[in-house]
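For reference, the structure is listed below as structure tokens.
Here's what the structure looks like:
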């Protein structure tokens, strides 16, 4: 909206660090948010628009950096600039800072590029001291208000700037009230507050060994410094981590002349949205209070009143709306709101104060909104010709769409939250607690809903995860097996909840004071990570017409194709409905875990001769063939990338003693022998083990069976004149030219065989995953034999960093806290990994101009990574079915940002 | 010696594929071995030198490739060339191929670039059939010889070309002899052989459904094709794999007119070396037989006689030496030998035949020799001014020096070999079989020698491996833990012997039919992989004056510095004696395993608070300090690279129940708690887990302790005026700029602290391992904070390929058999890994011109990798102490090849 500016490219000595909201000098220049912060930029904008903004200035975000570099102190140059700008406020307001007759009071507010809870927000009434408080009392003819303001200021300042914990002050107030025999603060009068102010000052003296600062300049510098310090507070860091906000952005500070909404009944204060932030409807939406200060609106001590009559009537309130109580000022406000929305071309969240009938605009910013509202507002604004389709697309946060695609909890109900974990896969689900996949399946077959609760999940749990309505684990991060698979399936999942302790033996789990047994009903909210006792009603997703409009506009703009990762008919159907343009990753091993097949799989693994292995594979062939026929039918006309068997064979073997016994009986081999074979197949580092194409180098029969299944499925479709697909056969874990060559020869040989047997021509591509650094480095050689590359960014990230996703939980937090990773590299493609992708892209295309390039893996659904893919010039991304709409939007945004 | 030639860069149509030994046309051109093969090149050389070589020609190695590309057939062009060259032989010899009066007989021999057992070697007397055999009988006046030659030819041809197994023919001969009542072949006369020839031909008819080829041209084409086919025989492939010979070299074929050493007593045949191949002394050394064919010399049916009188006298033989029996021919031979050695400037291995007093030279090649002999010959030849010092250095295979540095088995003794494994660490050792490190230590303290026998070893076994004289494992490859550590320690090791089955419970191991119990004495030969019952005498290494001369010449030429990987005083001393110029890798974790420390290490790991951890670390500090003081003293004046703690903490925790109980008691914590903590620390992929600098990001106290130990050790030395070292502190497993920055700050902070406390200036460098692909890719950023890079090629290879060394045993063989890896990438630096090293070198130097670059890890002792490092411009390589002389030589060779 506001473009970045060359202004700040001046020499440091010429550089300005502080900007008056209405400074004539910069009137023609829009300063960007990254300099002024969101709040500062908007105040400055409002100033330039001629709106009634109390005089003030912004200390730029760059000062935050300088502050930290200068041992957490403001340097002289900046102190001088602050003094200069303070004079401007004094001139504008006709008041003087620290004056005992007409004192200037100011607010000091933080303002980062994006609104950021966790940082110091606001100190009001700064400039009050033992002298100026009297002046304020005189001016407002309200000693109680003046004393109350002063004590609030001392309280807030002491807490935020001097670091004295708030309860000290609260305790004094409580004791005072007890002594006086009253219950509410409002029952305290001016004298009470005066007495309390003394007590407060004593506390400050006791805790800091200094008097509460009476010097207003000292107050100001203290408050400004506190804002900068709050940028690195624990809460702020946590928020940044959760919201992927770089720590080098820094915050700006806004210093502004106070206006008072509490100087009588011709005063008021309020917050208002230009449209409804919840559903997006085009109604002014907000609250105000007569004779109040801003914090009263949010504090809940008085019930705020509606802004519009319509809203008051609808909610059956009796207290007058602003429209009714202050019609003239309301009209002025309404006009300003229209002006603001037209100017910013976006829904605004505005704070205002009426001081003796005069309307003051304190803040405007783009209003936070639900995804639903975001979509509606964007589409409406296009209709209103306020913004273009491009703007509409760029306006919506792609990942927010997630919430539109999954059922959500009905927040109106009272929730008994017993713990939280990571919001690993969005959506809500309720069901009986089960601790094994078998139990989940058993109950599922009886039409009962379950939540599968496991310490962590493994590929063996896939069927249980499918059977359950939701998954809860006590270990593993956002990219643990449970999380990844659940997202892929669209199952809600709460992962890594360290608050719960699972006791498999006694079939229960414990939280702080609660014990939940198998069979009890819980609800998990994968969008927030909450674990709730009992069944909670959910609200079904409404994919409105606006949503599909945004999607179709996105499709018009984007160049990147969006495919899906899917290996089941259900997922494939879902993905097609969500607009997937093919399957980018069909993991054939998931097909191996189904009950009727796993025994043959195990037989194959445990076979001692090629004959035995081939026999076991023969039993699997018809199953795989059937799978492919189903998926090919669903994806008709669209490409399907089938990845041949990837995981190490030991993943398919039984783990518990019971299972081992069962399998030994089924396969008619001694338990001892089975145990020996399992221990032989054990690997120190399975991630780097005998898997991917390495399996097929050792046992070509496996891939031969899989290719036969694929090609016979195609033939079957052709024979029955069913439109199917052109499969892209993908070889996993290639690191050398020889591997892909040998594998390609194998695929072609089998294709020829099936073709000759059936006299039906088969079309297909052969390509490879690029998921090892060596494959990226040697992409030119590999491209000689590959018709496509699919970047397996999960494994590529693991090997490039030498970090196992499964084990990273132990130190990833330390890494983010130490700012080593700005962003989890398993969520967004890392720069180093990106370099390897670029190298492989360049080398691959140099060797083979026509080579198809895409990514599969978790990053395929991450908007930042999608932007990277678009920039790098890949042909497609592939993501889980439920991320397809997100990816469509993100791809359009990427294209628009690229142009 | 023979430079490669532009000759073969002609257009294909102009290209010659067949070369006559004496062809006038190419007289001026030296054809290289890669075209003619070793044998062919030498025959052609001898032809050009005017030596008496039977007429013949070489089919070039390029035809081998064409043969395979042409469906294993010779194409027409080549067949025509063969015919043309055959005519030349006919003209030279005055004989005609297939002629019934004066038939030309030829030998057909394979000849690759290097001598290669496992391939078809020689077919003699080709051209014999039912008719020509009569002519041969007439010409030699020896029907028995002619028939015997024919039957041998049929036997050999049938076996090698027609694929009929040899025992069929042997059986017939045996039965025939039984019937006739004789024991020896020599008791059969011409008629017996004639009868047997009939039987042989029947066998051929029965097995191939065809008559034995009477057409001599068919015989010739068959034999030539068989040579090419033998290039891909199983045995040849195995040999290439073991000797790292690329399979695309192919073999040449030599066709040569036969000469006969068995046409009477003025005939003879023999093999001779120009110097003694065993000890290098300057004496003609060889054997001959009068009236015999070449194969009689090697077959052992007759005892060969000495060539020189001196040798005969020394060995107290009575049969006349050639010098005595054929003085004139001997003199002629001797002159030729001198001429050959002068020409080739190397010791020659020569085959000759005397046919009716005429000396024919059949072959000359560089003679194989022991390392000892190689060193002596090279030094002698420099003295003789035959070769330069450079030649001498280039002449010695660096890895062969290994055999000079370890005790070897006395091969004169009869060995009871009960199995074999991989020759993982050279040298021989005998001792009592023990199955635990504890037992090895116990017996060691009683001055008893042991061989530690384990399925595989772990870092916990380090003390046991130190205590044992040798290590034998049933699992793991050449780069398994056991192999790597044993090589580092200089302990003989046989690893991955799948022939032995270890039963820890019953304290025994089984081989095919033998059971070896704990306490029985075995001998292992780490140079050959043999496992032998009982104690075998060993021969101690003799590092002669010649050896040190070669070393000092090498030092004059090489630019690459050679450091060692060492963390014990013993190893450091050994390495210095072997010429190490510093320590390139001092692994501090090995210091943690010693008995008196491991408890504190475990206490540290299991501590719940920073205080507890710091307390445990305080106990370790004096130990580490002492270690460093010792090593710094030994390495005085030389750099020491200390790597801070690298392995994941769980490696230090106890594994067996007994150990867990012991540790729980020692640390006074419940067993249950210890078990929980161990399971918490368990990792799926420890290789990619919480290790390296990741540990120090989580627990900075650990590195702080280690740095304190290093710096206090330095201070201690300075205080006592002991010359020590400038340590290079190395941070492991860095992948991002932030990690190295944080770690460098930590090191500097500790250095400042120790410096301030002691008022003594401390000098040191801080650098990092480059062992992750991301570190290589982002080397420019990392070099901002690193004063040196040490390429950790072991881990870099693992992550670049995504292959765990520990698990690669399961498929590495399949990979080598499928020609996917020409060479094990854990032995020699792979091309892709090399690309990453080059990228990091370029980027690192671009950022920081002065950055020191080296490699540590197994590749540092591998000559091929050393050549790569020299080419890439690294500053040093670091290898295990016992590889230092190998590396010095290899580095000199690399430099000479580079110039």
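Residue numbers (the numbering used here), protein chains in the order written: chain Y, 268 to 1166; chain E, 268 to 1166. Even glycine gets a Cβ: it sits at the ideal position worked out from N, Cα and C. Source: prediction; values computed, not measured.
(1) What does residue 677(Y) touch in chain E if you count any residue whose Cβ is under 9 Å from its own?
(2) Quick check on residue 1127(E): buried or exposed, where buried means 16 or more other Cβ atoms within 10 Å of its Cβ?
(3) Out of 992(Y), 980(Y), 1022(Y) and 1043(Y), which has the shortest C-alpha to C-alpha gap to residue 1003(Y)?
(4) Please identify the residue among 759(E), 640(E), 903(E) and 570(E) whose C-alpha is closest to the C-alpha of residue 734(E).
(5) Determine the chain Y residues that contact residue 479(E) at a beta-carbon separation under 7 Å, and present them in chain order.
(6) Count the other CB atoms, across all protein chains shown, that sit within 10 Å of the CB of residue 818(Y); report buried if there are 16 or more and exposed otherwise.
(7) Please tell me whether residue 1051(Y) has its Cβ less than 9 Å away from any Cβ of chain E.
(8) Spell out the partners DSSP gives residue 768(Y) in its beta bridges.
(9) Output yes if chain E places a C-beta closer than 9 Å to the C-beta of residue 953(Y); else output no.
(10) Return yes when the Cβ of residue 682(Y) is within less than 9 Å of the Cβ of residue 1164(Y), no when it is not.
(11) Quick one, which residues of the segment 771-801 of chain E are near chain Y if we go by CB-CB under 7 Å, in chain order?
(12) Could you compute how far the alpha carbon of residue 724(Y) sits from the alpha carbon of residue 748(Y)?
(13) Just the Cα atoms here: how many angstroms apart are residue 420(Y) and residue 413(Y)?
(14) Mapping the DSSP letters down to three states, classify residue 573(Y) as helix, strand or coil.
(15) Going along chain Y in order, which residues have a C-beta closer than 7 Å to the C-beta of residue 961(E)?
(16) Going by DSSP, what residue range makes up the alpha helix (DSSP H) through residue 792(Y)?
(17) Within 10 Å of its beta-carbon, does residue 699(Y) have 16 or more other beta-carbons around it, so buried, or fewer, so exposed?
(18) Considering only the beta carbon of each residue, do residue 400(Y) and residue 417(Y) sit closer than 9 Å?
(19) I want to see whether chain E comes within less than 9 Å of residue 1069(Y), judged by CB atoms only; does it?
(20) When the Cα of residue 917(E) is compared with those of 314(E), 868(E) and 1118(E), which residue comes out closest?
(21) Compare the C-alpha of residue 784(E) against each of 776(E), 1034(E) and 791(E) and name the closest.
(22) Determine the chain E residues that contact residue 1085(Y) at a beta-carbon separation under 8 Å, and present them in chain order.
(23) Are the C-beta atoms of residue 819(E) and some chain Y residue less than 9 Å apart?
(24) Closer than 9 Å, CB to CB, is residue 1082(E) near chain Y or not?
(25) Pair every Cβ in the segment 948-961 of chain Y with every Cβ in the segment 874-891 of chain Y, then say whether three or more of these pairs are closer than 8 Å.
(26) Check each candidate in 855(E), 435(E), 1032(E) and 1067(E) and name the one with the smallest Cα separation from residue 1052(E).
(27) In angstroms, rounded to a whole number, what distance separates the CA positions of residue 273(Y) and residue 283(Y)?
(28) Does any C-beta atom of chain Y lie closer than 9 Å to the C-beta of residue 291(E)?
(29) Does residue 1153(E) have its Cβ less than 9 Å from a Cβ in chain Y?
(30) Going by DSSP, what residue range makes up the alpha helix (DSSP H) through residue 317(Y)?
(31) Just checking my contact of residue 971(E) with residue 1021(E) at CB under 8 Å: how many whole Å lie between their CB atoms?
(32) Just confirm the distance between the C-beta atoms of residue 691(Y) and residue 645(Y), as a whole number of angstroms; I'd bet it's less than 8 Å.
(33) What are the residues that DSSP puts in a beta bridge with residue 1037(E)?
(34) Apart from the five residues on each side of it in sequence, which residues of its chain come closer than 8 Å, Cβ to Cβ, to residue 1047(Y)?
(35) Is it buried or exposed, residue 502(Y), if we count other Cβ atoms within 10 angstroms and call 16 or more buried?
(36) Please check the pair residue 541(E) and residue 551(E), which I expect to be a contact at CB under 8 Å, by giving their CB distance rounded to whole angstroms.
Looking at the coordinates:
(1) Under the 9 Å cutoff, chain E gives no residues; its nearest Cβ is about 38 Å from residue 677(Y).
(2) buried
(3) 1043(Y)
(4) 759(E)
(5) Under the 7 Å cutoff, chain Y gives no residues; its nearest Cβ is about 36 Å from residue 479(E).
(6) buried
(7) no
(8) 777(Y)
(9) yes
(10) no
(11) none
(12) 6 Å
(13) 10 Å
(14) strand
(15) 1078
(16) Counting along the chain, residue 792(Y) falls outside any alpha helix (DSSP H), though it belongs to the beta strand (DSSP E) covering 788-792.
(17) buried
(18) yes
(19) yes
(20) 868(E)
(21) 776(E)
(22) 964, 1005 and 1009
(23) no
(24) yes
(25) no
(26) 1032(E)
(27) Because residue 273(Y) sits at a pLDDT of 38, beneath the cut-off of 50, its placement in the model cannot be relied upon, and the point is left open.
(28) Confidence in residue 291(E) is poor, its pLDDT being 47 and thus under 50, which makes the residue's placement unreliable; the coordinate value appears in the next sentence. Not closer than 9 Å to any Cβ of chain Y, the Cβ of residue 291(E) fails to qualify, so no.
(29) no
(30) Premise fails: residue 317(Y) is in no alpha helix (DSSP H) and is neither H nor E.
(31) About 11 Å separates the two Cβ atoms, so there is no contact after all.
(32) Going by Cβ atoms, the distance from residue 691(Y) to residue 645(Y) rounds to 28 Å, so no, they are not a contact pair.
(33) 1058(E)
(34) 1110, 1111, 1113 and 1114
(35) exposed
(36) 7 Å
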